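Peer 1: Before I ask anything, here is the structure I am working with.
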Amino acid sequence: MYFLFGILVLISFVFVILFSRRKKKKILCRLACMNPCEKENLLNSLLGPLGFYYERRWDVISSRTDAWQKAFGYLDAYNRAAPYLSMVFDSYPIYFDYEGRTWLVQIWKGQYGICTGCEIGLYYADGIVKKSDYKKTLFHAVGESDWLDMSVTLWKDGKRITSLDKRHWWLTVFDPGNFSRPQELSMDVSVHFRNYEFGRKLCEALIEGGIKETDIFWSCRSIFFHVPEVSRHFTLWQRFVRSAMQFKNRVYCRLFRFLTRCVCTNLDRILYLYFYLPRFLRHLLRHFSKQLKKVRRCR
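Numbered according to numbering that gives the first Met the number 0, the sequence shown spans residues 0 to 298.
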């Protein structure tokens, strides 16, 4: 999704230059004639096959419970490859053993293409995994019976960007057009755990994973913790790749804001760029979304 947003911005920029004023008026008129439900349904028809949906409460993008990404689970290699796909984030893997399995609560916060965002995912291994094998093991996304009630609040330099709560296996929030460095972001997370033992194991793992004990709070069967604004350590090559991708992300964010300066919400901004595409490209995009939806159903 993050890569496609960048392509959408770039293609739209070309067509804004070629067909600016006249088409702009038509698009604004078209958006004005659509009610909020029509706009939301159209955007969700495009985002749904990609595993996402529009969250109207905060005007952000979030992940669906039936997202196709669930089939691929989690592997540490995904994090290592992410910067090359314009995803520059800090990662916090929280491992703990429970009921004969190694569980993983994976937390991310950072820049995803033109979106500032954060994620929290729940995964498990087929059995108990040695610490030395954590980064080589494929973890599976938890089934529906193991989904947990979670909430996340994303902050940037002390200002709240968004909040979201849901029973999920992979709770995410993405704010298009907002550029951030990972170290500028912090998260407040709550997880409603299954029982006392699960909560105790998770609490111990959070402390071992780098979350301060003073930033962890218990309340009945819920655990609350704060993921702080901290600078992570990377190799020279990793810093170079992250810096290069962040430069590109910043340019695309500014371009996104510039192109959509005549509308106010992310819902309208994305649809504005969508309508700027020539008809054959819009048809191609809808066809691509439908094909992805069919593939997901076949699974």
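All C-beta atoms, glycine included, are put in the ideal place defined by N, C-alpha and C. Remember, it's a predicted structure, so these values are computed and weren't measured experimentally.
With distances taken between CB atoms, is the gap from Y273 to L258 smaller than 9 Å?
Peer 2: Against a cut-off of 9 Å, the Cβ pair of L258 and Y273 comes out as no contact.
Peer 1: Report, in whole angstroms, the separation of the C-beta atoms of P175 and C114, which I expect to be a contact under 8 Å.
Peer 2: Yes, they are in contact, since the Cβ atoms of P175 and C114 sit about 5 Å apart, within 8 Å.
Peer 1: Give the DSSP-derived three-state secondary structure of Y195 in the structure shown.
Peer 2: Helix at Y195.
Peer 1: Which of helix, strand or coil does DSSP assign to T152?
Peer 2: Of the three classes helix, strand and coil, the one that applies to T152 here is strand, per DSSP.
Peer 1: To the nearest angstrom, report how far apart T101 and A124 are at their CA atoms.
Peer 2: Computed Cα separation, rounded: 5 Å.
Peer 1: Under the DSSP definition of a beta bridge, which residues are partnered with E164?
Peer 2: The residue asked about is misnamed: residue 164 is Asp in this sequence, not Glu. S150.
Peer 1: Per DSSP, which residues does T171 bridge with? Please list them.
Peer 2: E118, per the DSSP bridge assignment.
Peer 1: Let's test the definition: count the other Cβ atoms within 10 Å of the Cβ of A204 and tell me whether it reaches 16, buried, or not, exposed.
Peer 2: Under this definition A204 is a buried residue.
Peer 1: Look at the Cβ atom of F138, then the Cβ atom of L103, and state whether they are nearer than 9 Å.
Peer 2: Yes, Cβ-Cβ distance for F138 and L103 is below 9 Å.
Peer 1: Could you pull out every residue in the same chain whose Cβ sits closer than 8 Å to the Cβ of C297, ignoring the five residues on either side in sequence?
Peer 2: Residue confidence for C297 is low, a pLDDT of 42 falling below 50, so the modelled location carries little weight and cannot support an answer.
Peer 1: Can you name the residues that DSSP bridges to W217?
Peer 2: Paired residues: I222.
Peer 1: Run through DSSP, which three-state label would P227 get?
Peer 2: It is coil, neither helix nor strand.
Peer 1: Look up W102 in the DSSP assignment and give the residues it is bridged to.
Peer 2: Looking at the DSSP assignment, W102 forms a beta bridge with F95 and Y123.
Peer 1: For T213, count neighbouring Cβ atoms within 10 angstroms of its own Cβ and tell me buried if that reaches 16, exposed if not.
Peer 2: Its Cβ having fewer than 16 others within 10 Å, T213 is exposed.
Peer 1: Consult DSSP for W57 and reduce its assignment to one of helix, strand or coil.
Peer 2: Three-state DSSP puts W57 in coil, outside helix and strand.
Peer 1: I'd like the list of long-range same chain contacts for T136, defined as Cβ closer than 6 Å, with 5 residues on each side in sequence excluded.
Peer 2: Contacts found: A124 and V128.
Peer 1: Rounded to a whole number of angstroms, what is the C-alpha to C-alpha distance between W57 and I215?
Peer 2: Roughly 26 Å separates the two Cα atoms.
Peer 1: Please state the DSSP three-state secondary structure of V250.
Peer 2: DSSP places V250 in helix when its eight states are reduced to three.
Peer 1: Note down, one range per segment and in chain order, each alpha helix (DSSP H) of at least 4 residues found wholly within the stretch 27-80.
Peer 2: Segments of the alpha helix (DSSP H) lying fully in the stretch 27-80: 35-46 and 75-80.
Peer 1: List the endpoints of the continuous alpha helix (DSSP H) containing N177.
Peer 2: No alpha helix (DSSP H) holds N177; DSSP gives it neither H nor E.
Peer 1: In chain order, what residues of the same chain lie with their CB nearer than 6 Å to the CB of I206, ignoring the 5 residues before and after it?
Peer 2: Cβ within range, chain order: E212.
Peer 1: Using the DSSP secondary-structure output, state which residues sit across from M244 in a beta bridge.
Peer 2: According to DSSP, M244 bridges with nothing at all.
Peer 1: Give every residue of the same chain whose Cβ lies closer than 7 Å to the Cβ of C219, excluding the five residues on either side of it in the sequence, and list them in chain order.
Peer 2: Once the five neighbours on either side are set aside, C219 has no close Cβ partner at all.
Peer 1: Report the residue from L184, L201 and Q182 whose alpha carbon sits nearest the alpha carbon of H191.
Peer 2: Taking only the C-alpha atoms, the option nearest H191 is L201.
Peer 1: Taking 9 Å as the cut-off, decide whether the C-beta atoms of Q105 and P92 are in contact.
Peer 2: Result yes, Cβ atoms of Q105 and P92 sit closer than 9 Å.
Peer 1: Can you check which of these residues, A140, V188 and K130, is closest to F223 by C-alpha distance?
Peer 2: Minimum Cα distance to F223 is reached at V188.
Peer 1: Starting from A204, follow its DSSP beta bridges and name the residues at the other end.
Peer 2: A204 is not bridged to any residue.
Peer 1: With 16 as the cutoff for other CB atoms within 10 Å, does N177 come out buried or exposed?
Peer 2: When all chains shown are included, N177 counts as buried.
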